[in-house]
Structures are given as C-alpha cells and as structure tokens.
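The block underneath contains the structure these notes are about, expressed in structure tokens.
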Amino acid sequence: VTLGMESGFGSDFGSGGGGGGKLDPGLIMEQVKVQIAVANAQELLQRMTDKCFRKCIGKPGGALDNSEQVRTGGRIGHPQPLSLGLPLRLCVLQKCIAMCMDRYMDSWNTVSRAYNSRLQRERANM
1 VTLGMESGFG SDFGSGGGGG GKLDPGLIME QVKVQIAVAN AQELLQRMTD KCFRKCIGKP
61 GGALDNSEQV RTGGRIGHPQ PLSLGLPLRL CVLQKCIAMC MDRYMDSWNT VSRAYNSRLQ
121 RERANM
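As numbered in UniProt numbering, residues 1 to 126 make up the sequence shown, in order.
Following this line, the structure appears as structure tokens:
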C-alpha cells in the first residue's frame, strides 16, 4: 500500500470545508497522524515478516522440496532443523511463522506500552 494522491490523503489538505482555500490545521494534523500510523504499521509488518521468515525457513527457494529444512524447537533464537514429509513440514512451517509473529507482536506491544508510559511520566514532570 502506498500513500499519495491515490490514497486520498494528498488531495484533501486544502479542502477544509469550503472556506475559500482556508487551511484547517486540525484536519491537516489528523491526516498527517493517519499517514504516520499507516507507515508505522507497514514497517512493523515488514520487519515482523522478514524476521520470522529468516527464523523459520532454513533454505529459502522457489519450492519446499525434500532438501528444505524447516526450523523449529531448540532454544529461543536457535531453532533446530527438522527432516519431515512435505505436508508435515508445511504445517510446522505455518506454526513456526504464526508463533514467531505472535511473539513479535507481544514483544512490540510490551515495548510500546513501556515507551508510552515513560513519555507520559516525562510529560507530567515538565
């Protein structure tokens, strides 16, 4: 998803309710906040996908053949390669990716809550 004129954000900045070209700072601020939130969500999803792909797929390629090693188990951060039949390997791969994404999102949410809490404390102390 790209942000620009086709998303509707780029063309609405000056249309603050028919005020003869008068800009609405509140509307502009809200549109910028939405754009930032969308960009942050896209970046989060991309990072999560990249990290979980690298963690769960031992030898990426065009197909999951007999030489493919799906990684699972072992210590956190040190998955062990498995040698399984193709249907079972696909199932293990899906589970690995789902678990990785769940952990990534849980970690991101924990860090986000801690960061926002710290920001609120620092604003209160100003």
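Beta carbons: idealized from backbone N, C-alpha and C, even for Gly.
Pairwise C-alpha distance: residue j and residue i
i      : j      : result
Leu88  : Met99  : 16 Å
Arg113 : Gln31  : 24 Å
Leu93  : Gly58  : 10 Å
Lys95  : Gly26  : 44 Å
Asp106 : Ala41  : 15 Å
Arg123 : Tyr115 : 12 Å
Arg118 : Ile97  : 31 Å
Ile36  : Met29  : 11 Å
Gln120 : Ala39  : 23 Å
Thr110 : Gln46  : 19 Å
Lys33  : Arg54  : 32 Å
8 Å contact criterion, which residue i and residue j should meet: CB distance rounded
i      : j      : result
Met101 : Met48  : 6 Å
Tyr104 : Cys52  : 7 Å
Leu23  : Trp108 : Wrong, their Cβ atoms sit about 35 Å apart, outside the cutoff.
Neighbour-count burial assignment, residue i, 16 or more Cβ in a 10 Å radius
i     : result
Cys91 : exposed
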